[in-house]
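Residues in the sequence shown are numbered consecutively from 2, following the working numbering.
We put the beta carbon where it would ideally sit given N, CA and C, even for glycine.
The structure appears below as structure tokens.
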Amino acid sequence: LVVTGDTFRVKELLKGHGGRWDAVRKAWSFQPERKAELLSVLQGSPDVGVVEDKALAKLSLKPCSEGFVVLGETYPIKGLLKEHGGMWNKALVGWVFPVDSGDVVRA
């Protein structure tokens with residue numbers, strides 16, 4: 002996860018939320034699990050203009066015997082999936098949720 006652009010005015014804010022400056026890429030790098038928190042902080046800051054979320058992940062949602070499973074590029078959002086009650090299923094190679102969690106995961 003990276004933050005780019007004119008970040009000088011908010012460098013202390015970015016540092017305070019776990020950001021590390023990457024001089025080669027001229028960007029702040031963050032752990033992927035911090036995305037939701039970081040977006041919220043940046044969008045709420047009066048020192049930040051436009052915040053664009055260009056991070057994409059290819060995911061699919063399929064039914065399974067326990068409810069449904071989230072498959073695909075889940076590693077960057079594994080913390081979020083755990084937070085919402087997902088359980089890693091090695092056999093299905095995905096995150097399993099009970100049937101009644103569908104609305105939370107689809108959001």
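(request) Return the first residue and the last residue of the alpha helix (DSSP H) that G80 is part of. (result) Unbroken alpha helix (DSSP H) run through G80: K79 to E84.
(message) Tell me which residue opens and which closes the beta strand (DSSP E) that L72 is part of.
(response) Here the beta strand (DSSP E) through L72 covers G68 to G73.
(message) Is the beta carbon of K59 closer than 8 Å to that of V70?
(response) No. Outside cutoff.
(message) Which residues does DSSP list as the beta-bridge partners of A28?
(response) Its beta-bridge partners are D23.
(message) I'd like to know whether the C-beta atoms of F31 and G19 end up nearer to each other than 8 Å.
(response) Contact: yes.
(request) Indicate the three-state DSSP secondary structure (helix, strand or coil) for S46 in the structure shown. (result) Judged by DSSP in its simplified three-state form, S46 adopts coil rather than helix or strand.
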